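Undergrad: One structure, pasted below without further comment.
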């Protein structure tokens, strides 16, 4: 597993360096508070997954220009803006092992810096003068806001359906991955079939990524993510492992699970008991299967391209998504 | 004064009806929470100043299409998004005589609905397929975020300069007025000289509007605005009447004023004393003069057009900006 991670990191080292440089360059001219808050969220161990996907997909489309790194920042900015606002919304304590931005600089600074990053993303998109790119970026931001709102509305609702969960993660996560992969084809002026293939790859990767992320909340690796143990549950967010297990459990065990979920101050013992139920009623296994199926679909989408080192890298990234610990 | 207001309202009645219809139409397809929160902020006595300016300026440019009302919504959405986020940022209690949205539905819903309205604005802009319009809208959002952040950074700072104040109100208010007037020329494909004239009109009108708004905090008409008396001061916002008076006062009175301003729980008596200082040291008169000068500049800009009922209406709106009580 570590071999896979190391192989990927080795292959993308130069790309990551370029993305970091573009991020630093782009943040420079801004006022102190924006720079400070934005740096805190942008330079605290993010994996640069979204800009990296954009750069690699542009390479798949034989993109020759030098705008890909600058442009890829959009997807990190949109991601960071969402994290800043989500942490305010969820009253989260920690993010990537550090205190959440709003705890250090206040909710006001976190909200406004998020607004700035959102606005900046759209300004970078507008620089391309490409209507389809601009429309894609504006659709992503709209979907992300709607996904977050949908999630907020269903907060704490024990009857959240699998279909609703899928719609929420599609909008709040998969659409951004999909957009990052799709616009690389637009920026490279690639054929429509390539755009569709990369778009499909990004969508399925994003769905699997969020499911894997949601599973991490119920493993012993929460610390590796720098998250509070059981954070999703404490925030009233029902995710697939829980939704599936609740539906599969008999009425007696369902009531026991509901009691733990509804109790805002559940103990570590309660949480361990819940994890046992999630395994017993197949919630963990089902989520793993669904994530695997999406990864398989992502691989199939990218298999339409001729073999190349970049294609293999995208395949590796898909595989690694299922295995990551943080 | 009421004559002027009534004359304006009579002239724009059909336009306002069209703008209201477009707003209602555009909000329809959204989820319940977004609609509820957005309706609260959008349909609580807003004057529709920004969309109205866009529609009237488009008429100045002989715009013949039927997209002006739909497009004008952008400026009301951007305004509403800012109000939602600002009220969270400022921990404001009231807005237009009603409880602020975050008090009714929580900060989370207010932040996310603001994000949605921001995203929706950009989606409507993208529908025009006009790069200059899209760039103008993206520049407006960037400036507004930066203006708000600048204001936040200087919160409670007794040494805020007039130049900094002007820069803040330019970004957070005037740029939006300016943009609403400018894009009407772009949507009508009008000559560059018309675009400049309308842009200048909007800029000066916006500067005067904000100065007049800041003055209202120090008059007896706060109740008409549905604001808390002395709200700006309680939020640590120094505006032109205070900045000017602080600089004009002798050191003894300056200290007295600073004591009131720095005291977060100042009494009504303290506040009345401060208003007396603002008059004594010319803060009120100076702000009125500066606002008047901007209105004069707005009138001069629009005077470049041939006389017409719409031009007279824009002149009337400029004059009314100085006189409004809410």
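Residue numbers (the numbering used here), protein chains in the order written: chain A, 1 to 326; chain B, 1001 to 1326.
Backbone N, C-alpha and C fix where the C-beta goes; we use that ideal spot for every residue, glycine too.
Given the structure is predicted, the values throughout are model-derived calculations rather than measurements.
#1: With a cut-off of 8 Å, does the C-beta of residue 72/A fall near any C-beta of chain B?
#2: For residue 1149/B, is the classification buried or exposed, using 16 other Cβ atoms within 10 angstroms of its Cβ as the cut-off for buried?
#3: Would residue 178/A count as contacting chain B if we go by Cβ distances under 8 Å?
#4: Quick check on residue 1048/B: does DSSP put it in helix, strand or coil?
#5: Enumerate, from N- to C-terminal direction, the unbroken alpha helix (DSSP H) stretches of 4 or more residues contained entirely within the segment 96 to 161 of chain A.
#6: Leaving aside the five residues before and after residue 35/A along the sequence, list all residues of the same chain whose C-beta is less than 6 Å from its C-beta, in chain order.
#7: Measure from the C-beta of residue 87/A to each C-beta in chain B and report whether the shortest distance is under 8 Å.
#8: Is residue 1075/B close to chain A, meaning its C-beta is less than 8 Å from at least one C-beta of that chain?
#9: Under 7 Å Cβ to Cβ from residue 1223/B, same chain only, skipping five residues before and after it: list those, please.
#10: According to the neighbour-count rule (16 or more other Cβ atoms, all chains shown, within 10 Å of its Cβ), is residue 1031/B buried or exposed?
#11: What residue range is occupied by the uninterrupted alpha helix (DSSP H) comprising residue 14/A?
#12: Mind checking if residue 135/A is an interface residue toward chain B, Cβ cutoff 8 Å exclusive?
#13: Is the CB-CB distance between residue 49/A and residue 305/A below 8 Å?
#14: Would you please verify whether the beta carbon of residue 223/A is less than 8 Å from any beta carbon of chain B?
#15: Can you tell me the Cα-Cα spacing of residue 103/A and residue 203/A, whole angstroms?
#16: When you compare the CB positions of residue 84/A and residue 176/A, do they come within less than 8 Å of one another, or not?
#17: Can you list, in chain order, the residues of its chain with a C-beta nearer than 7 Å to that of residue 11/A? Leave out the 5 residues immediately preceding and following it.
#18: Around the C-beta of residue 238/A, are 16 or more other C-beta atoms found within 10 angstroms, so that it is buried, or is it exposed?
#19: Whole angstroms are fine: how far does the CA of residue 1111/B sit from the CA of residue 113/A?
#20: Residue ranges of each alpha helix (DSSP H) run of no fewer than 4 residues wholly in the segment 50 to 92 of chain A, ordered along the chain?
#21: Pull out every residue of the segment 1089 to 1118 of chain B whose Cβ sits closer than 9 Å to any Cβ of chain A, in chain order.
#22: Alpha carbons only, please: which of 1040/B, 1047/B and 1253/B is nearest the one belonging to residue 1009/B?
#23: Is the CB of residue 210/A under 8 Å away from at least one CB in chain B?
#24: Is the Cβ of residue 1079/B closer than 8 Å to any Cβ of chain A?
#25: Per DSSP, what are the beta-bridge partners of residue 1094/B in this structure?
#26: When the Cβ atoms of the segment 1201 to 1215 of chain B are set against those of the segment 1243 to 1262 of chain B, are three or more pairs found closer than 8 Å?
#27: How big is the Cα-Cα spacing for residue 14/A and residue 1141/B?
#28: Could you tell me if residue 1161/B is buried or exposed, where buried requires 16 or more neighbouring beta carbons within 10 angstroms of its beta carbon?
#29: By the criterion of Cβ-Cβ separation under 9 Å, what are the contact partners of residue 315/A in chain B?
#30: Could you give the DSSP three-state label for residue 188/A: helix, strand or coil?
#31: Since residue 1250/B is in the alpha helix (DSSP H), which residue starts that stretch and which ends it?
#32: Where in the segment 245 to 291 of chain A do unbroken runs of the alpha helix (DSSP H), each at least 4 residues long, occur, reported from the N-terminal end onward?
TA: Working from what's here:
#1: On the first chain, residue 72/A is found 72 positions in, with the first residue counted as 1. No, because no Cβ of chain B sits closer than 8 Å to the Cβ of residue 72/A.
#2: Your numbering for residue 1149/B matches position 149 in the second chain. Residue 1149/B comes out buried.
#3: Counted from its first residue, the first chain places residue 178/A at position 178. For residue 178/A, the answer is no, since every Cβ of chain B falls outside 8 Å of its Cβ.
#4: As a working note, residue 1048/B is residue 48 in the second chain. Residue 1048/B falls in the coil class under three-state DSSP.
#5: 101 to 127 and 131 to 153
#6: Along the first chain, read from residue 1 onward, the residue named residue 35/A stands at position 35. Excluding sequence neighbours, residue 35/A sits near 27.
#7: For this step, residue 87/A is matched to residue 87 along the first chain. With 8 Å as the cut-off, residue 87/A does not count as an interface residue toward chain B.
#8: Numbered from its first residue, the second chain carries residue 1075/B at position 75. Chain A, which has no Cβ nearer than 8 Å to the Cβ of residue 1075/B, makes this no.
#9: On the second chain, position 223 is the one that residue 1223/B refers to. Its pLDDT being 49, under 50, residue 1223/B is placed unreliably in this model, and the value from its coordinates should be taken loosely. Here the set comprises nothing.
#10: As a working mapping, residue 1031/B is identified with position 31 in the second chain. Exposed, since its Cβ has fewer than 16 Cβ neighbours within 10 Å.
#11: In the first chain, the residue the question calls residue 14/A occupies position 14. Note, residue 14/A: alpha helix (DSSP H), 2 to 27.
#12: Here the question's residue 135/A lines up with position 135 in the first chain. Judged by the 8 Å Cβ criterion, residue 135/A is in contact with chain B.
#13: What you label residue 49/A is simply residue 49 of the first chain in a count that begins at 1. What you label residue 305/A is simply residue 305 of the first chain in a count that begins at 1. Contact flag unset, no.
#14: To locate residue 223/A, count along the first chain from 1; it is residue 223. With a pLDDT of 49 at residue 223/A, under the threshold of 50, the modelled position of this residue cannot be trusted; read the value that follows with caution. Answer no: the Cβ-Cβ gap between residue 223/A and chain B never drops below 8 Å.
#15: Taking the first chain and counting its residues from 1, one reaches residue 103/A at position 103. Taking the first chain and counting its residues from 1, one reaches residue 203/A at position 203. When rounded, the distance between both Cα atoms is 33 Å.
#16: As a working note, residue 84/A is residue 84 in the first chain. As a working note, residue 176/A is residue 176 in the first chain. Cβ atoms of residue 84/A and residue 176/A: not closer than 8 Å.
#17: Mapped onto the first chain, residue 11/A falls at position 11. 313, listed in sequence order.
#18: Position 238 of the first chain, counted from the first residue, corresponds to residue 238/A. Burial call: buried.
#19: Taking the first residue of the first chain as position 1, residue 113/A is located at position 113. Taking the first residue of the second chain as position 1, residue 1111/B is located at position 111. Straight-line Cα distance between these residues: approximately 12 Å.
#20: 68 to 89
#21: 1089, 1090, 1091, 1106, 1107, 1108, 1109, 1111, 1112, 1113, 1114, 1115, 1116, 1117 and 1118
#22: Residue numbering aside, residue 1009/B sits at position 9 when the second chain is read from its first letter. For the residues 1040/B, 1047/B and 1253/B, the minimum Cα distance to residue 1009/B belongs to 1047/B.
#23: For the purposes of this step, residue 210/A is taken as the residue at position 210 of the first chain. By this cut-off, residue 210/A is not an interface position.
#24: For the purposes of this step, residue 1079/B is taken as the residue at position 79 of the second chain. No - not a single Cβ of chain A is within 8 Å of the one on residue 1079/B.
#25: Here residue 1094/B refers to the residue found at position 94 of the second chain. The partner list for residue 1094/B (beta bridge, DSSP) reads 1099/B.
#26: no
#27: Translated into positions along the first chain, residue 14/A becomes position 14. Translated into positions along the second chain, residue 1141/B becomes position 141. Cα to Cα, residue 14/A sits roughly 33 Å from residue 1141/B.
#28: On the second chain, position 161 is the one that residue 1161/B refers to. By the neighbour-count rule (16 or more Cβ atoms within 10 Å), residue 1161/B is not buried but exposed.
#29: Against the first chain, residue 315/A aligns to sequence position 315. Here the premise fails: no neighbours, minimum Cβ distance about 33 Å.
#30: For the purposes of this step, residue 188/A is identified with residue 188 of the first chain, where counting begins at 1. Three-state DSSP puts residue 188/A in coil, outside helix and strand.
#31: The sequence position of residue 1250/B within the second chain is 250, counting from 1. Looking at the DSSP string, residue 1250/B is not in any alpha helix (DSSP H), and its letter there is neither H nor E.
#32: 251 to 262 and 268 to 280
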